[in-house]
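A.B. asks:
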Amino acid sequence: MQNVVILGTGGTIAGTGADPDRVWDYRAGQLSIAQLVKAMPDLAVYPTEVVQVAQVDSKDMSWQLWQDMGRELQRQLARDDVSGIVIAHGTDTLEETAYLLHRLVDGRKPVVITAAMRPATAPDADGPRNLLDAVRVALEAARRGLGGVVAVMHGGVWAGSQVRKMHSWSLDAFDAGGQAPLALIDAQGQWHDEVASWPASGNAGWWPLNLTPPRVEIIHSHADADGWMVDAALAHAHEHGPLKGLVMAGTGHGTLHKGLEAALAKAVAHGVTVWRSSRVARGGVQSREGDAFVACGELTAAQARVALMLYLMGV
Ligand code: ASP
5 MQNVVILGTG
15 GTIAGTGADP
25 DRVWDYRAGQ
35 LSIAQLVKAM
45 PDLAVYPTEV
55 VQVAQVDSKD
65 MSWQLWQDMG
75 RELQRQLARD
85 DVSGIVIAHG
95 TDTLEETAYL
105 LHRLVDGRKP
115 VVITAAMRPA
125 TAPDADGPRN
135 LLDAVRVALE
145 AARRGLGGVV
155 AVMHGGVWAG
165 SQVRKMHSWS
175 LDAFDAGGQA
185 PLALIDAQGQ
195 WHDEVASWPA
205 SGNAGWWPLN
215 LTPPRVEIIH
225 SHADADGWMV
235 DAALAHAHEH
245 GPLKGLVMAG
255 TGHGTLHKGL
265 EAALAKAVAH
275 GVTVWRSSRV
285 ARGGVQSREG
295 DAFVACGELT
305 AAQARVALML
315 YLMGV
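Each number in our numbering corresponds to the 1-based position in the sequence shown with 4 added.
#1: In this structure, does DSSP put residue 238 in helix, strand or coil?
#2: Name the residue from 196, 290, 30 whose alpha carbon lies nearest to the alpha carbon of residue 140.
#3: How long is the line joining the alpha carbons of residue 190 and residue 173, rounded to whole angstroms?
#4: Extract the residue ranges of the alpha helix (DSSP H) inside the segment 244-276, only unbroken runs of 4 or more that lie entirely within it.
#5: If you run the structure through DSSP and keep just helix, strand and coil, what is residue 214?
#6: When the Cα atoms are used, what is the spatial distance from residue 71 to residue 14?
#7: Would you say residue 251 and residue 305 are within 8 Å of each other, going by their C-beta atoms?
#8: Can you tell me whether residue 285 is buried or exposed, with buried defined as 16 or more other CB within 10 angstroms of its CB?
#9: Which residue marks the beginning of the alpha helix (DSSP H) containing residue 81, and which one marks its end?
#10: Under 8 Å by Cβ, that's how I've got residue 17 and residue 135 pegged, so tell me the actual separation to the nearest angstrom.
#11: Hey, could you find the ends of the alpha helix (DSSP H) residue 115 is sitting in?
#12: Would you tell me roughly how many angstroms separate the C-alpha atoms of residue 298 and residue 279, rounded to the nearest one?
#13: In the DSSP assignment, find the unbroken beta strand (DSSP E) run with residue 157 in it and report its ends.
#14: Taking C-alpha atoms, which residue in 194, 127, 200 lies nearest to residue 149?
#15: Taking all protein chains shown into account, do 16 or more other C-beta atoms lie within 10 angstroms of the C-beta of residue 68, making it buried, or fewer, making it exposed?
#16: Quick one: what's residue 92 bridged to in DSSP?
#17: Over the uninterrupted beta strand (DSSP E) stretch that includes residue 56, give me the two end residues.
#18: From which residue to which residue does the beta strand (DSSP E) around residue 161 run?
#19: So, residue 101 versus residue 117, is the Cβ gap smaller than 8 Å?
#20: Could you have a look at residue 198 and say whether DSSP puts it in helix, strand or coil?
#21: Who pairs with residue 7 in a beta bridge, going by DSSP?
#22: Among all the DSSP beta bridges, which residues are the ones paired with residue 222?
#23: Return the residue from the list 144, 120, 25 that minimises the CA-CA distance to residue 51.
#24: I believe residue 292 touches residue 255 by the beta-carbon criterion, under 8 Å. Please report the beta-carbon distance rounded to the nearest angstrom.
#25: In the DSSP output, which residue or residues are listed as bridge partners for residue 188?
#26: List the residues that DSSP assigns as beta-bridge partners of residue 169.
#27: Assuming residue 219 contacts residue 193 (C-beta within less than 8 Å), just tell me the rounded distance between them.
#28: Compare the beta carbon distance of residue 155 and residue 164 with 8 Å and say whether it is the shorter of the two.
#29: If you check the beta carbons only, do residue 181 and residue 74 fall under 8 Å apart?
#30: Start and end of the alpha helix (DSSP H) containing residue 101?
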């Protein structure tokens, strides 16, 4: 028997609200993963086990929670009787967790992250279908020999390296920055391939999670961005410990206000590594000749922050 282990971490998928008609008025991370699974008879036909790793609103995600998640993942992925993992997560930082895990895992088994845009008490709760799809995807991917990190939301299977939240309330809230989904799962649970193979995993191993992460912050470029935030960050770092990296969420193709550029020259002189991403949702930032700062490709600013932390750790 090949098991799917479902890790619970909280999120809206485990959220409850007092009034089912006020779906926006709820608290994330209230029901345990065991309670969620028990309430889904459709899941009972699949061989699942549950582990509660955390119980948070994922807006409060932290390095420490990623360490806890990583330890549990290592343990479960090493089991011969486990064919895949599902992580029930919040939507807010799903793209950061997915990208981090994509960089670390070896891709031998599927790690499927899912979430929900409506709490479990909402009349149109999307958590049950997403969780069911995620378990099916884990089993089917394992059967096909596909591994690595993917996100399953609203019938789409998205690459963990690319997935991002694109809408603040729609049930269809995720995409891959304009890239096609890897597969679609229809309402009957049938799998429809959109691409021939899944992206290769980063395979860095779990050791980065044992380290204290270097401090990397994100700063936006915008009208009147005169470098005040960069100066403030440098002054704070001077008092409270080193700032190692800055990800700039630039305008358009990663361009920066001239006021910011001047301040960033000071940051670089203080040993801060600066990377450029874009505040625009799609298209990303490609490198250009004479670039002062590394371009982050199609990563969102939040994913680029994870990438820069890993880079500074020597990954
Ligand atoms: N704030 C929630 C979370 O990220 C939102 C969600 O799950 O949809 O945990």
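Every residue, glycine too, gets a C-beta built ideally from N, C-alpha and C.
C.D. replies: The answer reads as follows:
#1: helix
#2: 196
#3: 21 Å
#4: 262-273
#5: helix
#6: 16 Å
#7: yes
#8: exposed
#9: 67-81
#10: 7 Å
#11: Per DSSP, residue 115 belongs to no alpha helix (DSSP H); it is in the beta strand (DSSP E), 114-118.
#12: 5 Å
#13: 152-157
#14: 200
#15: exposed
#16: 12, 118
#17: 52-60
#18: 160-163
#19: yes
#20: coil
#21: 86
#22: 251
#23: 144
#24: About 15 Å separates the two Cβ atoms, so there is no contact after all.
#25: 160, 196
#26: 178
#27: The pair is not a contact, with the Cβ atoms about 44 Å apart (cut-off 8 Å).
#28: yes
#29: no
#30: 98-108
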